[in-house]
Each structure stands twice: as C-alpha cells, then as structure tokens.
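Note sheet for the following structure.
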Amino acid sequence: MNGDSPREACGLFGVWAPGEDVARLAYFGLYALQHRGQESAGIAVSDGHNILVYRELGLVSQVFDERTLSTLQGDLAIGHTRYSTTGSTTWENAQPSFKTDGERGLALGHNGNLVNTEELAEQVGRRGPATTDSDLVASLLAAQGRDLETAALRVLPTLRGAFSFVLMDERTVFGARDPHGLRPLAIGRLEGGWVLASETAALDIVGAEYVREVEPGELVMLDDRGLRSIRYADSPRAALCLFEFVYLARADSRLYGRTVHEARRGMGRRLAAEAPAPADVVIPVPDTGHSAAAGFAESSGIPYGEGLIKNRYVHRTFIEPTPGLRQRGVRLKLNPLADAIRGKRLAVVDDSIVRGTTTRQIVQMLRDAGAREVHMRITSPPIRWPCYYGIDMSTREELVAAGMPVEEIRDFIGADSLAYLSLTGVVEATGAPADTFCRACFDGAYPIPVPERTSKHLLERD
Ligand code: SF4
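Listed below in structure tokens is the structure:
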C-alpha cells in the first residue's frame, strides 16, 4: 500500500463470551483490524444490565490502556476502528455509537456507506451532535422504542448502500450485512462463545475458529441461545468489494474461501504474463505489494528483492510534520534501499493508483537512489469511477485514470513503463465468479443505484 491506494474502510469486532475478558478480546480483535481505520477506536461492553462505551481519536494502542480496559467489564462487547467515510474526524463521530432511553441501550459499529442518508435523516430530524450515517442508524433503531431485534428487522430493510454492522443491547450481540454484502463480516466460534469480525485475521488473533461469513441480507444474533439467524432481505446478488482482495484486507485473512495472500500472488502471476517487464529485480511497494510481487517474480523468473522499506509507525502519528518534512512526503513512509537498486532495472509492483501523486514520488525516489529503469506494474485495472460505498475515492476529479489514458499516466508518474492487470485477471485470481463482486470503480457498473447528490459531508450541511 502507498498513499495512492484507496483509504481504508472500517474495522468491526463483536464478542459474546461470558466469563472471558471480552474488552481485552475486543482490543486484540481491533488491533488485528487496525489497518482498516486509524482515526478512532472504541469498545462498548455490557454486563447484562448496563452498556459502557469508551471511544477516542487515535490508534487502538493509543486509545486503550490497562486502566481503561479494566473498567470495561462484561459478558459481551463490540468494537470499532474508524476511517471517516462520512463526517469529519471528531470525537462525536467515533464509534461505537450509543443510544439509550434510560431503560434500554444500544451500541452500534458500522463499516460502509449509506446512499439514502438524506431520506433517513428526515426520519430522525437530524438530531444529535454526530454527523455520520452510522449515528443516524443508531438513532433510527432507538426511535423504534422496541427491543433491538424487532428494531433491526424494521430498520435494516430501509437502508440503502453498503453496510456491515455490529450491534448490541445489554444481552445480545448482533451482526448484519447489506443485501449485496459489499463489506465483509465473518463469524467465529470460541470455546465458550461467539465472535464477529470484519476479517478472519481478527478471529485468529483471539483464538476463534472460523465458522462462516454473515450472508448478504442476514441478521445474526449471538447470546445464551447460541447463534441465531434471520434473513431480513432477499439478496439480489452478492457484490463483495473487489478492493478487499486487491488492497483493503490483510494478506492473512480469508475471503470467499481463499487467503488474500494467495489471491494477490495469483494477481502478480497473471500480471507478469499479461504485462512482462524488462527488469533485473521485482520489488514490492510495501505492504500489500509483497504477495503480488512474489507472484510476479515466480511467473517471470526475475528475482524478487526488497527495495523499499516501510517506516511502519509513522502513518498515523498525531504530530504534524514540519512543512519541510511534509514536502518530502513519501519519504516519511518509505525509504529506498539504495544498495539493492542502484544501477538496476526495476519492476515495481503496487496494488492500485488513485491520484498518482504518491506513485510519482516513489518513481522519483527510486531514480534518485540510482535505479536505471522503473517499470510500474499495478495489480488492479485503472480506477475510473468513484466509490460511493465507503472507500474514500468519491469524486472523479481525484482519480488520475478518470481523466488520462495509461500512456499519459505513465508520463505523469515518470516511469519507463506502466501496466495494469485486467479486470478478468483480478477476478480469476480470487477464485470466485465475477458476478459475486462489486467492481464499479473499475467498470462503472454500480450494484446499488447511487443518488446524484452524495457527499462525505452531506449531513454537515443545512
Ligand atoms: S466501487 Fe470499488 S472500492 Fe467501492 S465498493 Fe465497489 S469495488 Fe469496492
């Protein structure tokens, strides 16, 4: 991943496990999902009577410490890491959202983006300080004045867009996915309980055994009655975000029965066959480029090498860099290994190009470090269409490929050659049929109709 990749979605975790330290399980689950959102983190727990929520801006490890975790005692919990796809980065917009009428409480974490927010906002009269569509849904659920299961079955069918939710009341953890299943959500089994997580890597970290994915259009409930399931809507077709495989999900997570690492390796192999590069060494752009670069090297017979080292912990520091440091931009994140690349022709493998500016900086950095030739190889097609379903590339203006043919992009980024993997190549590498994916940012075929006025800050305007 580099700064030109799409920004992250959100990470969800839920656990029902009486007798376990559920807040600590949620903490480690969120820790495994940190890559999906680094703006805020939060955990809600319930002891069967009361829901307690703790949330704050920052990374999971910055938000929670032993003291805060030890105050969050209970039998069930949900957790959330956020990247803002609607609303601004403020404390009010951190999740889980919490609503109570004094008697009954509910907490909610959302991954995705709704496309009928205006209609929903009218129903609740835009109450409350938070400005996210997630908070709106929490308000809608609370406004039903019913138990959470009944409220969810009333509200979920009225939502349009992409959503995976983890929800809880005082006794039950709920999980739901939109009827197209755009965002992932997996179910895991603990010895004495159940877990929900955006990615299977978060099940692994807490020792939960993968059971299955929550189905598109399904509401699941986890409590002392076990795992229960209700289909709240028909699924016209599955449309998992193809970007989960390309970039969003961790390499060690499984989607549609295949590890993301295997799929990315397959993308690299196919890319080497579709667009060979006259190179001495194949280098990945860390981290997501690793698996694909390995596949590219295998298939092309060109040796694999490390040429860029990631400065792991700088991506979300709250200390602003000086203007001089900021100008150096990508050097804050990546540092070239000059000895490994000097005088060499490089095939540089990355997952995607959104704006093109960071790729351009990377190419320049590699040339400054002595690379003889730089051949960029991208494991997804050009992104020509905005995403309205929760990935932060929502206008055509910010997409370099929306306005330029590939040859012009090559010129803009300053590479000796540039090639993208075909859409068929990406899909084949996943092992799943093309019609089980959303591919709209590549081909413009939106699985859910998109309203004309959709904007990240819609709810902030009058
Ligand atoms: S438009 Fe692209 S990024 Fe957005 S959900 Fe579809 S495949 Fe994913």
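All residue numbers for the sequence shown refer to the numbering used here, where the first residue is 686 and numbers rise by one.
Idealized CB from N, CA, C, for every residue including glycine.
These numbers were taken from a predicted model, which means no experiment stands behind them.
In the three-state reduction of the DSSP assignment, residue 969 falls in the strand class. Beta-bridge partners of residue 859 (DSSP): 852, 906.
Contact check for residue 818 against residue 798 passes: the beta carbons are separated by less than 8 Å.
In this structure, residue 853 and residue 792 form a Cβ contact; the two beta carbons are roughly 5 Å apart against a cut-off of 8 Å. Taking each of 845, 723, 857 in turn and checking the Cα distance to residue 736, the smallest one comes out for 857. Nearest Cα to residue 890 within the set 920, 938, 906: 938.
Rounded to the nearest angstrom, the gap between the Cα atoms of residue 1117 and residue 941 is 7 Å.
DSSP places residue 716 within a helical segment (H, G or I) once states are collapsed to three. Within the chosen limit of 7 Å, the ligand SF4 does not reach the beta carbon of residue 1114 with any heavy atom. For residue 701, DSSP records a beta bridge to 761, 879. Assignment of residue 778 by DSSP, reduced to helix, strand and coil, places it in the helix class. Proximity of the region 970 to 990 to the region 942 to 959 meets the contact definition, three or more beta-carbon pairs being nearer than 8 Å.
Taking 7 Å as the cut-off, one finds at least one heavy atom of the ligand SF4 near enough to the beta carbon of residue 867. Going by DSSP, residue 824 is part of the alpha helix (DSSP H) stretching over 818 to 828.
Contact between residue 864 and residue 902 is confirmed by a C-beta separation of about 4 Å, below the 8 Å threshold.
Beta bridge pairing from DSSP links residue 1078 with no other residue. Taking C-beta atoms as the reference points, residue 1033 and residue 1111 fail to come closer than 8 Å.
Counting only runs that start and end inside the region 920 to 999, the alpha helix (DSSP H) elements of at least 4 residues fall at 945 to 959, 974 to 985. Residue 900 carries a coil assignment under DSSP once its states are collapsed to helix, strand and coil. Residue nearest to residue 1054 within the set 1021, 1062, 1069 is 1021 (criterion: CA-CA distance). At least one heavy atom of the ligand SF4 is found less than 7 Å from the C-beta of residue 1126.
One thing to note: residue 782 has its Cβ within 8 Å of the Cβ of residue 823.
Not a single heavy atom of the ligand SF4 lies less than 7 Å from the C-beta of residue 1038. Contact fails between the region 713 to 733 and the region 917 to 928, because fewer than three Cβ pairs, one in each stretch, are under 8 Å apart. DSSP links residue 1072 through a beta bridge to no other residue. With contacts defined as CB atoms closer than 8 Å, residue 732 and residue 760 qualify as a contacting pair. Using a Cβ distance threshold of 8 Å, residue 896 and residue 874 count as a contacting pair. Relative to the Cα of residue 1018, the nearest Cα in the group 1044, 855, 1062, 767 belongs to 1044. Residue 1063: member of the beta strand (DSSP E) spanning 1058 to 1063, first to last residue. The Cβ atoms of residue 841 and residue 861 lie closer than 8 Å to each other.
Apart from the 5 residues on each side of it in sequence, residue 989 sits with its Cβ closer than 7 Å to the Cβ of 967, 978, 979, 982 in its chain, given in chain order. Between residue 1069 and residue 1129 the beta-carbon gap is near 7 Å, inside 8 Å, which marks them as a contact. Among the bridge pairs identified by DSSP, residue 784 is matched with 791.
In terms of side-chain proximity, the C-beta atom of residue 928 is found nearer than 7 Å to a non-hydrogen atom of the ligand SF4.
The Cβ atoms of residue 763 and residue 794 lie closer than 8 Å to each other. For residue 1053, no beta strand (DSSP E) run applies; the uninterrupted alpha helix (DSSP H) run containing it begins and ends at 1042 to 1053, by DSSP.
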